[in-house]
Amino acid sequence: MTKEKQAEILEAMDPDEADDVRELLAYPEDCAGGLMTTEYVALLETLTAEEAIEELRYKAPEAETIYYLYVTDTEEHLKGVLSLRQLIISPKDARIGDILNKNVMAVTVFEKQDRVTELIDKYGLLALPVVDQENRLQGIVTVDDVMDLLMDDRARKRRMVG
């Protein structure tokens, strides 16, 4: 898409959404940052399960997916991941920081798309968090985004052959 067309579309968008798109356009197309969405749910590690569920009610309508809930500190450093199921079955007063899975796989914003695809496929992930060099959560890449990428790649290869 030409820069002029990008500017035209961004001008017509809601200002907050346009800001999100501008942020994503800063990343090369072939890296995790160019593939990620910024519509995810992050919860502070200090919340209780009950507080997290309340926050989820507020944040979920804007999120791409809520199967995985990403846990951060107050400076947005990725601390772990929590499944929606784990949150729901946890005691109301359990701290998110105590019930999260600290063994979370993530990629950096400049990780190549091939590596993102490989990790999602190898581990059967529905989404993969994307962090900056300081491990601050920037977005997520979802399995459907990877599938779209693979389908586009397959269609491109067919056009080249046929």
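Numbering (our numbering) for the sequence shown: 9 to 170. Each residue gets a CB set at the ideal place from its N, CA and C atoms; glycine is no exception. Note that this is a predicted model, so its numbers are computed, not measured.
Within the same chain, Cβ atoms closer than 6 Å to the Cβ of residue 67 are found at 49, the five residues on either side in sequence being excluded. When rounded, the separation of the alpha-carbon atoms in residue 111 and residue 12 is 43 Å.
Ranked by Cα distance from residue 115, the first of 108, 109 and 124 is 124. CA-to-CA, the gap between residue 133 and residue 75 works out to about 10 Å.
Collapsing the DSSP output to three states places residue 137 in a strand. With contacts defined by Cβ atoms closer than 9 Å, residue 73 and residue 52 do not form a contacting pair.
Of the residues 131, 41, 148 and 103, the one whose Cα lies closest to the Cα of residue 57 is 103.
According to the DSSP secondary-structure assignment, residue 148 is paired through a beta bridge with 45 and 137. If you look at residue 80, you'll find it isn't in any alpha helix (DSSP H); it sits in the beta strand (DSSP E) that goes 76-80. When C-alpha distances from residue 91 are compared across 127, 60 and 44, the shortest belongs to 60.
Runs of the beta strand (DSSP E) lying entirely within the region 60-120 and spanning at least 3 residues, in chain order: 76-80 and 86-91. For residue 51, the three-state secondary structure derived from DSSP is strand.
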